[in-house]
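Here's the structure, in structure tokens; my notes come after.
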Amino acid sequence: MKLKKSYIIPIAIFLFALILRIALISKGPYHGDTIALIIQAEKTLETLQLQKQSALGFPLTVILAAVFIFLSKMLSLGTTALAVNTVSVLFSSLAVLVFYYLCLEVFHHFHGLKNLKATQVHQHLTAVIGAVLFTITPIFLGISVYGKSHAPCLFFMLLGIFQLLRFQRNGRKKAFFVSALCFGLMGATRIIDLVLMAIPVTFLFIAQYPVFDRRETDTPRLRWPLITKKLFLWWTTIGLTTAVFYLPYFFQEKVGNFTADLLPYIQHALLNNFLGLFSHKLFVTFDYLVQNFTYAGLILSFGALLCLCKKNWKISVFLLLWIIVPVLYYGNLHMTVTSRYFVLILPAFILPMAYAFADFHNKNRVLKSMAFILFFGISITTFLRVYPLLKVRHAYADVPEFAQWYARITEPEALLIHGDGSAFFKYYADRDLAWRPLSSDKIEQKELERFKEQTDALIKGGTPVYITSVGLFAYNCEGSFSSFVFNHYELTYAGRHYYEDWHGGAMADRRLRLKLYKLDIKNEKS
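Quick note on numbering that gives the first Met the number 0: the sequence shown kicks off at 0 and runs consecutively.
Have a look at this one:
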């Protein structure tokens, strides 16, 4: 009977997370990466050859999407978009469940194996509060309802950390290898996040090893060779697990495409895109964290983390590294820095925050009441920050519906100048986009002349060319593109329809009535 009771709370937490996400699941592929994932997953099913979502592959993400699409079609359960979005719904809910158990395990490392009733109450209260905060935190909830690699990646990472801590506490080989397997699966879903977490988890492995048995490591002479051996075995298992999923890219048709695309991507998108350890973009990151936790929540989290250093400085430093390393990379990218990148670090903030809230349970009635009010205030404030947006995306699929509307009102042979999002128009409207120069810097004159030459040729050849207000004003540093278009073309208004720009992330409200214009060559006087 006691065993059954012990599962009531975690099952309730999982069901709460799952039902909330099902109620808010996006109607369509909200993000550009989601429609790319749908296309690649469908192609994987058609060809039985593993496709890559991006230059980095993300093979397990594509496999999961393909499996869910296959099950959806077999059982007639809805659209492919809903099937792929369900991957995130399920794995984010499972991540909440794992986080509950991770809170319990971290508590063990802070307090040892005391069986005092008060300590047990504090332990379980910490886990419940942590799971609730994690469930409704805006950045996490935002990526939980549309198909992306983040939710499966987060699930495997949390499970890997949980199993690593269990191994360090009891020395079971099963936990050791399950931990390595989970981190390997994390790499197969989103390898860049595994690379960023390499420093924090390696520190955790070395600093906490071995908690369970000191007999083999009484002296440094015996300790370090053993740690090195175990660490090498652990990372080898991780690397081999990830490699298994990447092998198909090297042994199926068009093998050269993967390596040919990968190296330039690493150079341009990962290295050249990095602004250095400290840049103005860090202020954007801080703003996202404030929106996600509020100032009070951030202060409470860091304050609790400092206090926990007295109980176990190694775990505390691990949590700090878990925050710092991803922030210093994702927070300093030249490209658009969106909130989804920072879902990786949310558990490291929530763990000490939950501990602090639970600790107030043992205080006097005034402090307990203040803690409850603060917890309730942070929870409601942050949840309402994202709930209205997710509710709209649950009811409307703006970008696919815009593409379908565009196909209805324009000629079948028409081409559209829009910018990003060509996959939406190809998939939902069977239409191609016309080329335009895209750059976050001022567009060079030779690129503008190339655009004019190609567009003029299309119009003179009888192909209707349209442009959206996004296509006109996005990637438009100093007005270089829009002013060029206005100088050389007549724009005839053709209508407008709802559209949503996904680049700002799930917490950003960028829904608008997007205007559509038809282009004609302007009569230029000599």
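For glycine and all other residues, C-beta sits at the position ideal for the given N, C-alpha and C.
Coarse secondary structure for residue i, derived from DSSP in three states
i	result
H279	coil
I442	coil
E410	coil
V521	Reading the sequence as shown, one finds Lys at residue 521 and not Val. K521 falls in the coil class under three-state DSSP.
L76	coil
R168	helix
L81	helix
K132	According to the sequence as given, residue 132 is Leu; it is not Lys. In this structure, L132 counts as helix in the three-state DSSP scheme.
L437	coil
N361	helix
A355	helix
Y245	helix
S71	helix
A505	coil
T227	helix
A189	Looking at the sequence shown, residue 189 is not Ala but Arg. The answer is coil: DSSP assigns R189 none of H, G, I, E or B.
V88	helix
E452	helix
T240	helix
S143	coil
Q251	coil
K116	Below a pLDDT of 50, predicted positions are generally treated as unreliable, and K116, at 49, falls in that range; the measurement from the model is reported next regardless. Looking at K116 - three-state DSSP - the assignment turns out to be helix.
S178	helix
From the options, residue whose alpha carbon lies closest to that of residue i
i	options	result
T118	T284, K229, D358, G330	D358
F69	F202, K42, F57	K42
A22	I38, L76, S143	S143
P9	S92, S338, R495, P58	S92
D429	S439, R449, R407	R407
W404	L388, F423, V391	F423
G376	G296, Y328, A179, V336	G296
Y427	T134, G494, V398, L415	V398
F250	Q48, G146, I128	Q48
F382	T293, Y474, Q167, L81	T293
L19	L140, V61, Y145, Y498	L140
R339	I38, Q39, L153, S481	L153
L103	L158, T78, A82, I265	L158
W501	V484, L437, D32, A353	D32
F472	D455, G460, R435	R435
L246	S300, I34, I379, A187	A187
A456	F244, D508, I520, T236	I520
F401	E499, W321, N486	E499
V88	F67, G418, Y145	Y145
F282	L262, V336, I237, A353	V336
A303	A505, F13, I349	I349
K390	A11, A259, G27, I7	G27
C476	S438, T491, L193	S438
I34	K459, F273, A396	A396
R165	V127, Q207, L184, I190	Q207
L327	D192, L447, I416, I12	D192
D431	Y465, L225, F277	Y465
L17	G77, A150, Q52, Q50	A150
K441	I135, P411, Y474	Y474
Y490	R512, L518, D508	Note that residue 490 corresponds to Leu in the displayed sequence, not to Tyr. Of the listed residues, the one whose Cα sits closest to L490 is L518.
L330	H121, L163, L195	Looking at the sequence shown, residue 330 is not Leu but Gly. When each option's Cα is compared against that of G330, the closest is L195.
Identified DSSP bridge partners for residue i
i	result
L103	Paired residues: none, contrary to the question.
T467	L515
R510	E499
L203	DSSP, once it has assigned bridges, lists no residue as partnering L203.
L432	L415
Whole-Å CB distance - residue i paired with residue j, under 8 Å assumed
i	j	result
K514	S468	4 Å
Y176	V97	As written in the sequence, residue 176 is Phe, which differs from the Tyr given in the question. At roughly 17 Å, the Cβ-Cβ gap does not stay under 8 Å, so F176 and V97 are not in contact.
P137	N291	5 Å
L36	A64	5 Å
L332	K280	7 Å
T79	S148	That pair is no contact at about 17 Å.
V105	I314	6 Å
H123	N311	About 19 Å separates the two Cβ atoms, so there is no contact after all.
H393	S25	6 Å
A130	I12	5 Å
Residue i beta carbon near the ligand SAH (any heavy atom closer than 7 Å)
i	result
R510	Looking at this structure, you won't find the ligand SAH or any other ligand, since it has none at all.
Going along the chain, which unbroken runs of the alpha helix (DSSP H) with 4 or more residues stay wholly within the stretch 4-54?
7-23, 31-46
Enumerate, from N- to C-terminal direction, the unbroken alpha helix (DSSP H) stretches of 4 or more residues contained entirely within the stretch 270-341.
281-307, 312-329
Complete alpha helix (DSSP H) runs within the stretch 466-498 (minimum length 4 residues, chain order):
468-472, 479-487
For the stretch 370-414, list the alpha helix (DSSP H) runs that are entirely contained and at least 4 residues long, ordered along the chain.
397-408
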